[in-house]
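One structure below.
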Amino acid sequence: MGRAPCSSMVGLERGPWTAEEDALLINYIQQHGEGNWSKVSEKAASGGLLRCGKSCRLRWMNYLRPGIKRGNFSPEEDDLIIRLHKLLGNRWSLIAKRLQGRTDNEIKNYWNTHLGKRLLLQKTSKTDHTKPSTGSKNKEKQQQHTETNGDNANTYLQKTTRVFPFLLPGSSANDDTKALNSLTPLWSDHAVGGEEEQILLYENGGDLDDLLFTEEYHHNIKFDQVYMEYQELLMSSENQVRTQANYSSFNPFLT
DNA sequence: AATGAGTACAACCGCAAACAT
DNA sequence: AATGTTTGCGGTTGTACTCAT
């Protein structure tokens, strides 16, 4: 198919956002709401915001959106990121969902600049007491990538795909999604609130992520528990997939 | 003070799934 | 069902900043 990158569209700005542009975007979203990003660039242009929809979305999601936590990561967050990364690989959006107020982009950057490097150093110091090589930046990056991603048997490495919500039974979904839908009872066992509350949520049509990411959930569930739940989910997913030949293309631990 | 290397992070890009027609 | 468009994702790049020399 192929589309020209939005930055090449005539008359649109690129590069760092100015405070004025931020204000224009916030103002626009306050008036019209989130979403429909392709329309944003059309409609907001009249107000002086010359950015493509894609750029607007990114700016909003990663920087302007209310509730975004900025600043240093806590040791607990570090720990959770490391463990979730071990489980999920570079699925930053999924990891970000477990860290309230953090964006996938922020976590990805943090991993690439801090955590990944730290793990590499730890690993190196365990196996080799000499200092890591001080080669070129690219070489270091490459090494870091393979060390932290490549040889981890438990890491679910998949190509870039959109992360689906865990849809509820009865909703339309493809086969893979349906396979995971059957996991919801496991999750509901751990979810906050009584059975009645959960049933209510189900009946109201909220998906499982909605259930799990309520504010209450985050206040009550410790990082460790979140990690354990994810691990259980993935283990369960593996078993589920093995029993269903139709889903042979989806096996997190065999890819 | 100058400058080059390293670091941090915002922003861009291309791809693929989801959605609309 | 086929085709086009939009959205969301992970990988990568550009650049401002920091620090050592």
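For this note's numbering, count along the first sequence from 1 and bump the result up by 1254.
For each residue, glycine too, the CB sits at the ideal point set by N, CA and C.
| Asked | Found |
| --- | --- |
| Check whether Asn1316 and Asn1359 have beta carbons under 8 Å apart | yes |
| Gly1265, buried or exposed, once every other Cβ within 10 Å from all chains shown has been counted against 16 | exposed |
| Assigned exposure category for His1339 - 16 Cβ within 10 Å defines buried | buried |
| Contacting residues, own chain, Cβ-Cβ under 8 Å from Ile1335 (five flanking each side not counted) | Phe1327, Ile1349, Leu1353, Ile1361, Tyr1364, Trp1365 and Leu1369 |
| Arg1324 classed as buried or exposed, judged by whether at least 16 other C-beta atoms fall within 10 angstroms | exposed |
| Residue burial classification, Ala1273 (beta-carbon count within 10 angstroms, cutoff 16) | exposed |
| Residue from Arg1268, Lys1371, Arg1319 and Asn1290 whose Cα sits closest to the Cα of Thr1357 | Arg1319 |
| Unbroken alpha helix (DSSP H) run spanning Leu1312, endpoints | Gly1307 to Arg1313 |
| Reduced DSSP category for Gly1370 - H, G, I as helix; E, B as strand; rest coil | helix |
| Nearest to Ala1299 (by Cα), restricted to the options Lys1308, Leu1278 and Gly1289 | Leu1278 |
| Closer than 7 Å: Asn1359 CB and nearest the ligand NAD heavy atom | The ligand NAD is absent from the structure shown, which contains no ligands of any kind. |
| Lys1297 in three-state terms, based on DSSP | helix |
| Spatial neighbours of Trp1271 in its chain, beta-carbon cut-off 6 Å, leaving aside the 5 residues before and after | Arg1313 |
| For Gly1269, the nearest candidate out of Gln1285, Lys1308, Asn1290 and Gln1284 (CA to CA) | Lys1308 |
| Inter-residue Cα distance where the pair is Asn1481 and Gly1302 | The sequence given here places Tyr at residue 1481; Asn does not occur at that position. Using only the alpha carbons, I get a separation of about 45 Å. |
| Closest Cα partner of Leu1373 within the set His1286, Asn1290 and Asp1333 | Asp1333 |
| Straight-line gap, Ile1280 to Ser1292 (C-alpha atoms, nearest Å) | 16 Å |
| Counted within 10 angstroms of its Cβ, other Cβ atoms place Asn1290 as buried (16 or more) or exposed | exposed |
| C-beta contact flag for Gly1287 and Ile1322 at 8 Å | no |
| Identity of the residue in Gly1343, Thr1367 and Arg1337 nearest Glu1483 by Cα | Arg1337 |
| Whether Leu1341 touches Gln1479 by CB criterion (8 Å) | no |
| Euclidean distance between Cα positions of Pro1329 and Ser1347 | 20 Å |
| Whole-angstrom distance between Gly1343 and Gln1284, CA atom to CA atom | 35 Å |
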